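Undergrad: In my numbering, the protein residues as written are 10 to 671. Dumping the structure here so I can ask a few things about it.
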Amino acid sequence: MSARSRSTRIRRIAAIAAGIGLVVAGVGITAVNEQSAKAAAAAAVLDGFDPANIIDDAVMFNGSTMTASEIQTFLNGKQPTCASGATCLRTVKVDMPAMTANPMCKAIAAKKSQTAAQVIAAVGRACNVNPQVILVMLQKEQTLVTGRTPYSGETVSLIYRKATGLGCPDTAACDPAKYGLFNQLYGVAYWLVRYTTPPGTTGSGWTNYNWFPVGRTNGVLYHPNAACGAKAITIKNKATASLYYYTPYQPNAASLAAGWGLGNGCSSYGNRNFFLYFTTWFGSTHTVVTGAINTYWTAHKSTYGNPTGNAVTITANGGGTSQTFQKGTIYTSPAGSVGVAGSVLTKYNALGGPGGNLGWPRRAAVNRTGTNGGTAQAFQKGTVYVSTAGTAAVLAPIYSTFGANGYELGSLGWPAGDAVTSSAHGGATWQAFQGGRVVVASGKATTVTGKVLAIWKARSYEAGSLGWPTGNATTLTVAGKKGVLQSFQTGVVTVTNTAYTVTGSVGKNYLSAGGPTGYLRWPISANAQQSAGGGGWIQQFSNGIVSSNAKAGVHGISNSPTLTRYLGLKGPAGVLGWLKSNTKVSGGKVAAFTGGNIYASSKGAFSMTGPILTKYLQKKGQAGVLGWPTSQPVVKNGTTTQTFQHGRITWTKSGGAKASRT
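Put into structure tokens, the structure is as follows:
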């Protein structure tokens, strides 16, 4: 598929290469010249070339070896500057069309103006093909990683449209349907997988790729010219077979002896150059375990199984390397050499691995003895916990609060999910635990547990009427009554025998009066909405009430004869209506309401409404000639009478209100 077709073309490219001293991609059988200083190194690399095992399956079919950012950095390093009129893979951009899922690759979402690095990363992930393999294919086919100027009759766009040699066989012209940089990048990954006959690619309508069988001896040509001969080999894996389906020639002795250079007229170079580029740029094409990772793996082989890929260098969070194994991944960094497996690894990868918020692992997973037991594994910036509550990561600053509460052995128990950021009521971050929630708002961490949590949940958490917590719960004992108080953005939650919320204008009045330690003490009822007198709210406390009405305002009144009389008259729903004030005066208190007053003195607490109140106020009330009231209004035979210290006021429908002194 990728070998060049004409011997005249081979000679022309080889001559140009020799004349200008550039590396020319092999593109199958096309020769390349590297600088002579590299010849010895190439020969040493090629000593390890095995035509039956060019690359391991675990190395080729690993789509996560490089991120788009890492690919971009690699391209920048290989072609730091782009010559005028030359290819420049590090700067070229293409639109990435939507690709539906198929047996070879997962679906790819459409995106405009993507860099080559972004496309390579996306294709690698979708098809699970090593991005390093794709980069090598680009180089060996068209020298696109290091860049080149077009040959006579070529243009840069023509080079890009056949970037990986896809659809360009040795014996025919290129297939125009496969032209285009995206098609070439997607196609090379697609076909490397397709050649392995994945599930869903057999039967009617599917080509059976069986002429490079794995595990059976078969002759592989040296050159498109069959007269150059072939050598029987037993291909050891699917990845190597895929390379032969793509470029169906093995290098002869002259090609291998030439290193990066030209062999003889029967030499081909595509698979030789693949091996050279990959090994020179990325290390072994086979899975090897070395250094600190090998030391750790040797001690934990039964836990992690065999390697499924080579070590990958990662620069994030101080840098280090990782290597995947059958049952997990082993990491080595300044934080130590540590393996991660199971659901911890799944969570770690979901959070970005070493480049994510957790950073590098610091210690192996350990068993913990919290409720129902579980495991915990520490990372640079947090810990992942696994228990019956689920698998979750706890990061700073929530982690310090979790620790202050005794970790999983404390009141919070095991984490039940990862931290969540909510924009409600100004925004904050919260994390659920078995026994409560930890909230971080404006840099301050608080916990919500027990009955307070139940109330907060019933009020729809932060999205409801309470908003976010603004402080931790406080235990108080007031007048022999023990309870818990926790403040929120719009009020407080209290718990004695029962949990209540005190919110809104009633809550502000309650807190300004000292909350539980003030004259009202603990709430004993919910904040109840009333419809009478224009509507409002009223809440009872163990030592009083607070009421709120748009016209009357927000006012509190303590347990007293005045409150007893007011509630006896049905509170806001009665004749007195809403409380407007409760004022201490000489000799007692005067409570003003929207429908009347209550006067409280040593004589008792007496309500007054209508014409009798009007007449009393005309007489200057308790400070006037009549003094304090000494009875409630009494109605008898159509006459309403109310007595005072120094007189009385009577009212009839015909005569109105009249005051008299005694």
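Note that CB positions come from ideal geometry on N, CA and C, so glycine has one too. Computed from a prediction, not measured in an experiment: that's the story for all the values here.
Out of N246, S277 and L252, which has the shortest C-alpha to C-alpha gap to N261?
TA: S277
Undergrad: In whole angstroms, what is the alpha-carbon distance linking A95 and K356?
TA: Each residue's CA atom was taken as its position, placing A95 and K356 some 44 Å apart.
Undergrad: So for N558, helix, strand or coil by DSSP?
TA: strand
Undergrad: A398 and T392 - do their beta-carbons sit closer together than 7 Å?
TA: no
Undergrad: Just tell me which of S540, T505, N568 and S569 has its CA closest to the CA of S557.
TA: S540
Undergrad: For the pair the stretch 516 to 529 and the stretch 582 to 589, tell me if three or more CB-CB distances fall below 8 Å.
TA: With fewer than three CB-CB distances shorter than 8 Å, the stretch 516 to 529 does not count as touching the stretch 582 to 589.
Undergrad: So what does DSSP say about Q259, is it helix, strand or coil?
TA: In the structure shown, Q259 sits in coil (DSSP, three-state: anything other than H, G, I, E or B).
Undergrad: Can you give me the start and stop residues for the beta strand (DSSP E) that D104 sits inside?
TA: Where D104 is concerned, the enclosing beta strand (DSSP E) stretches over K102 to M105.
Undergrad: Looking at G268 and A125, is the spacing between their C-beta atoms short of 7 Å?
TA: no
Undergrad: To the nearest angstrom, how far is it from the Cα of C237 to the Cα of F221?
TA: 19 Å
Undergrad: At what residues does the alpha helix (DSSP H) containing M617 begin and finish?
TA: Unbroken run through M617 is the beta strand (DSSP E), G613 to M617; no alpha helix (DSSP H).
Undergrad: Can you grab the Cα-Cα spacing for the pair A609 / N518, in whole Å?
TA: 23 Å
Undergrad: Could you tell me the boundaries of the beta strand (DSSP E) in which V142 lies?
TA: Per DSSP, V142 belongs to no beta strand (DSSP E); it is in the alpha helix (DSSP H), P140 to Q151.
Undergrad: Less than 7 Å between the beta carbons of Y231 and C183, yes or no?
TA: no
Undergrad: Helix, strand or coil for F550? Go by DSSP, reduced to three states.
TA: strand
Undergrad: Would you say the stretch 209 to 220 touches the stretch 160 to 169, given that touching needs at least three Cβ pairs under 8 Å?
TA: no
Undergrad: Do you know whose CA, among T109, L55, T618 and Q81, lies nearest T100's CA?
TA: Ranked by how close their Cα comes to the Cα of T100, the residues T109, L55, T618 and Q81 have Q81 in first place.
Undergrad: Do P207 and P60 come within 7 Å of each other at the CB atom, strictly closer than that value?
TA: no
Undergrad: Hey, quick one: how far does the alpha helix (DSSP H) through W465 stretch, first residue to last?
TA: Segment G459 to A467, the alpha helix (DSSP H) holding W465.
Undergrad: Per DSSP, Y394 is paired with what?
TA: A385 and A401
Undergrad: State yes or no: is the C-beta of N62 within less than 7 Å of the C-beta of G318?
TA: no
Undergrad: Assuming contact is defined by CB atoms lying nearer than 7 Å, are T571 and A614 in contact in what I supplied?
TA: In this structure, T571 places its C-beta atom within 7 Å of the C-beta atom of A614.
Undergrad: Mind checking whether M105 and K87 have CB atoms under 7 Å apart?
TA: no
Undergrad: Would the beta-carbon of V504 fall within 7 Å of that of V493?
TA: yes
Undergrad: Would you kindly work out how many angstroms separate the C-alpha atoms of V501 and T324, rounded to a whole number?
TA: 48 Å
Undergrad: Spatial neighbours of V461 within its chain, please: CB distance less than 8 Å, with the 5 preceding and 5 following residues excluded, ordered by chain position.
TA: Spatial neighbours of V461 in its own chain (CB-CB distance under 8 Å, excluding positions within 5 residues in sequence) are listed in chain order as A482, V493, Q495, V502, V504 and A508.
Undergrad: Assuming Q631 contacts G597 (C-beta within less than 8 Å), just tell me the rounded distance between them.
TA: 7 Å
Undergrad: Would the stretch 253 to 260 and the stretch 287 to 302 be scored as touching if the rule is three or more Cβ pairs under 8 Å?
TA: A contact between stretches requires three or more CB pairs, one per stretch, nearer than 8 Å, and the stretch 253 to 260 fails this requirement with the stretch 287 to 302.
Undergrad: Are T603 and G586 closer than 7 Å when you measure CB to CB?
TA: Yes. Within cutoff.
Undergrad: Could you give the first and the last residue of the continuous alpha helix (DSSP H) run that contains A50?
TA: A48 to L55
Undergrad: Identify every residue that forms a DSSP beta bridge with G329.
TA: I323
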